[in-house]
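Taking it in order: structure first as structure tokens, then the write-up.
Spelled out as structure tokens, the structure:
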């Protein structure tokens, strides 16, 4: 900032009518500014008028600058100078990070011109200024050309914008050069020629007649059918920066098409073809798409003692019944043409049962949430047993350890470790046993009870009776196997569709749909929705989303409960007294018979209910 002074006036003695005291006060003392001159007047005996400086003005009395109020007389040499101010402007040229723009940023030079204002007479004269602002361009044409040359800006220069920039007196940004952006290429993709969602189709309304043969058909392909087509990426177009440099477009994303089991690739690698009949599936990870065809196992009769249990990594189709004591395990979907009685069915995919489920356990989509809660205990057992085996080996190999001390087996050493470093294992075994006891009937898995008994024998009740290390190693191996069984993640949204459920447990990571008369004394767990077209009498429904029940509870007051998530809506066509509905932890108990009730939580978390009126809900 620069300042420059404009000379004002010298003090003069007032005389004549022009210098008469204002308002007729002839004997008063005063000073005033007129035509750039300071005029003072006072009586010989005083007092003298006082002049008060202000910003932008230099008051110089007898050669000395005064910054405070100063009395002046006619004998003083007084100069009042207005001070001009200059604020130098700034400018710069920058190139954007992508190289596509050169930007001129301008802050103009500002000159403030000041003049001492004319002021009326006063005994204390406060000086004042009149200001006028002038704005000037901060750069010249020659300076801009030199900067463009220094930065190497030579492509796409907008000379009209440059001319506007060097004459601009405003604070602004001006784009003075523009490059050409690169055009990105088109990403490649893999087009699946089959539905990627293997879920069962949506059910008909409750009033409609359900035809399982037509409404529930899984996706399948025949040998030689094209499963997927790879579309190659398209190349982009390079651009040019304001420096004239080539801008390379980003490489388009390419995908790798891979053929898994039951599929082959064409020679050019751009098509996947089914090598056998079955159900097509696609696995995606990063830029890899692997297409496979899962086989389909068709069992024409019943699953019974004559056929044995069925364990298959693809889809399983059973024409008849699944009878008492039998197990069906599938890595895909399961279809049962008859009923399931006293059996266990577990599938990674969805399960469709045309008949009823009687005293059985059916799980679709892998391990349910409440079984996942057991995982920490079985994992603690598996890890603890492995670590204890290593500790035993280290003790047996120590020079100070005498082998003669273990003539009757390693039991004493085992008990010593369980009472010391591994004292958490007996507690973990007890908790694990109690958690397994809470599992629904049929879901514990074959051999789990025997495993628990062996764990209790070794680490709780009779560690002294353990003869050799192989017993502990075998137990640790079984613990690791059960850990893997419990840790297997559930597949997404696998459904169960069945006619009726009696004295059974049905679990699905997706929806559960009961399309027949209903459910009796059963337990349903669904990650998504539950729909029971008929009655649900005795037992419990747990659902992550909406629940629809035709008739809830019974006249005899059997314990019947529905538990739904906080965002769910529960709809009951007819409810008996003492039936319970919990939505997001809020409880609604039917204290009388009610029809057409809908329950949900409002935005404040309060349980709301309404009743259907004139054919529709409130």
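Numbering (the numbering used here), first residue to last: 16 to 633. Using N, Cα and C, we set each Cβ at its ideal position, and we do this for glycine too.
ask   = Mapping DSSP to helix, strand and coil, what is residue 588?
value = Numbered from its first residue, the chain shown carries residue 588 at position 573. Reduced to three states, the DSSP call for residue 588 is strand.
ask   = Do three or more CB pairs link the region 54-64 to the region 80-95 at distances below 8 Å?
value = With a cut-off of 8 Å, the region 80-95 and the region 54-64 count as touching, because enough Cβ pairs lie within range.
query = Under a three-way DSSP split, which group does residue 112 fall into?
reply = As a first step, residue 112 must be located in the chain shown, where it is residue number 97. For residue 112, the secondary structure class from DSSP, reduced to helix, strand or coil, is coil.
query = On the three-pair Cβ rule with 8 Å, is the region 47-57 touching the region 133-140?
reply = Yes, since at least three Cβ pairs between the region 47-57 and the region 133-140 fall closer than 8 Å, the two stretches touch.
ask   = If we ignore side chains and look at the alpha-carbon of each, how far apart do residue 78 and residue 70 end up?
value = As a first step, residue 78 is located in the chain shown; it is residue number 63 there, counting from the start. As a first step, residue 70 is located in the chain shown; it is residue number 55 there, counting from the start. The alpha-carbon atoms of residue 78 and residue 70 are separated by roughly 19 Å.
Span of the alpha helix (DSSP H), counted from its first residue to its last, around residue 182 = If you number the chain shown from 1, residue 182 lands on position 167. For residue 182, the enclosing alpha helix (DSSP H) begins and ends at 174-182.
Nearest-angstrom Cβ-Cβ length linking residue 258 and residue 169, presumed shorter than 8 Å = Taking the chain shown and counting its residues from 1, one reaches residue 258 at position 243. Taking the chain shown and counting its residues from 1, one reaches residue 169 at position 154. 7 Å between Cβ atoms; contact.
message = Whole angstroms are fine: how far does the CA of residue 584 sit from the CA of residue 540?
response = Position 525 of the chain shown, counted from the first residue, corresponds to residue 540. Position 569 of the chain shown, counted from the first residue, corresponds to residue 584. Near 16 Å, if we compare the C-alpha coordinates of residue 584 and residue 540.
key: For residue 619, the three-state DSSP class (helix, strand or coil)   = Reading the chain shown from its first residue, position 604 is the one you call residue 619. Here residue 619 sits in coil by DSSP.
task = Below 6 Å CB to CB, which residues in the same chain sit around residue 595 once its five sequence neighbours on both sides are set aside?
result = Residue mapping note: residue 595 aligns to position 580 of the chain shown, counting from 1. Excluding residues within five positions, the ones whose Cβ falls inside 6 Å are 576, 604.
inquiry  = Taking 7 Å as the threshold (C-beta atoms), are residue 518 and residue 531 in contact?
reply    = In the chain shown, residue 531 corresponds to position 516, counting from 1. In the chain shown, residue 518 corresponds to position 503, counting from 1. Taking 7 Å as the Cβ cut-off, residue 531 and residue 518 do not qualify as a contacting pair.
task = Could you spell out where the alpha helix (DSSP H) holding residue 442 opens and where it closes?
result = Reading the chain shown from its first residue, position 427 is the one you call residue 442. That run of the alpha helix (DSSP H) goes 439-452.
query = So the alpha helix (DSSP H) residue 426 belongs to, where does it begin and stop?
reply = Taking the first residue of the chain shown as position 1, residue 426 is located at position 411. 426-434 is the extent of the alpha helix (DSSP H) around residue 426.
message = Taking its Cβ as the centre, do 16 or more other Cβ atoms sit within 10 Å of residue 210, making it buried, or is it exposed?
response = Within the chain shown, the letter at position 195 stands for residue 210. Exposed, by the Cβ-count rule.
query = Taking the beta strand (DSSP E) that residue 681 falls in, what are its first and last residues?
reply = Given that the chain is displayed from residue 16 to residue 633, the structure contains no residue 681 and the question cannot be resolved.
task = Would you identify the three-state DSSP class for residue 408, choosing helix, strand or coil?
result = Here residue 408 is taken as the residue at index 393 of the chain shown, counted from 1. In the structure shown, residue 408 sits in a helix (DSSP, three-state: H, G or I).
ask   = Using the C-alpha atoms, what's the distance from residue 265 back to residue 203?
value = Translated into the one-based positions of the chain shown, residue 203 becomes position 188. Translated into the one-based positions of the chain shown, residue 265 becomes position 250. If you take the alpha carbons of residue 203 and residue 265, they lie about 13 Å apart.
CB-CB length for residue 120 against residue 107, believed under 8 Å = Position 105 of the chain shown, counted from the start, is the residue given in the question as residue 120. Position 92 of the chain shown, counted from the start, is the residue given in the question as residue 107. That pair is a contact at about 5 Å.
ask   = Secondary structure at residue 135, three-state DSSP: helix, strand or coil?
value = For this step, residue 135 is matched to residue 120 along the chain shown. Strand, per DSSP.
message = I'd like the span of the beta strand (DSSP E) that includes residue 567, first residue to last.
response = Position 552 of the chain shown holds residue 567. Following the DSSP letters along the chain, one finds residue 567 inside the beta strand (DSSP E) bounded by residues 562-567.
request  = Output the boundary residues of the beta strand (DSSP E) element that contains residue 557.
outcome  = The residue given as residue 557 occupies position 542 in the chain shown. Unbroken beta strand (DSSP E) run through residue 557: 545-558.
query = What is the DSSP secondary structure of residue 295, counted as helix, strand or coil?
reply = The residue given as residue 295 occupies position 280 in the chain shown. Residue state, collapsed to three classes: strand.
query = Taking just the CA atoms, how far does residue 183 sit from residue 42?
reply = Walking along the chain shown from the start, residue 42 turns up at place 27. Walking along the chain shown from the start, residue 183 turns up at place 168. For residue 42, the pLDDT reaches just 49, beneath the cut-off of 50, and the residue's location in the model is therefore unreliable, although a value from the coordinates is still provided. Cα to Cα, the separation comes out at about 57 Å.
inquiry  = According to DSSP, simplified to helix, strand and coil, what is residue 489?
reply    = In the chain shown, counting from the first residue as 1, residue 489 sits at position 474. Residue 489 falls in the helix class under three-state DSSP.
message = Contact defined as beta carbons within less than 8 Å: I believe residue 566 pairs with residue 554. What is the distance between those atoms, to the nearest angstrom?
response = Along the chain shown, read from residue 1 onward, the residue named residue 566 stands at position 551. Along the chain shown, read from residue 1 onward, the residue named residue 554 stands at position 539. The beta-carbon distance between residue 566 and residue 554, rounded to whole angstroms, is 13 Å. This is too long to meet the 8 Å contact definition.
Residue 403 - DSSP class collapsed to helix/strand/coil = In the chain shown, residue 403 corresponds to position 388, counting from 1. In this structure, residue 403 counts as helix in the three-state DSSP scheme.
task = Grab the span of the beta strand (DSSP E) containing residue 476 for me, first residue to last.
result = As a first step, residue 476 is located in the chain shown; it is residue number 461 there, counting from the start. Here residue 476 belongs to no beta strand (DSSP E), and DSSP marks it neither H nor E.
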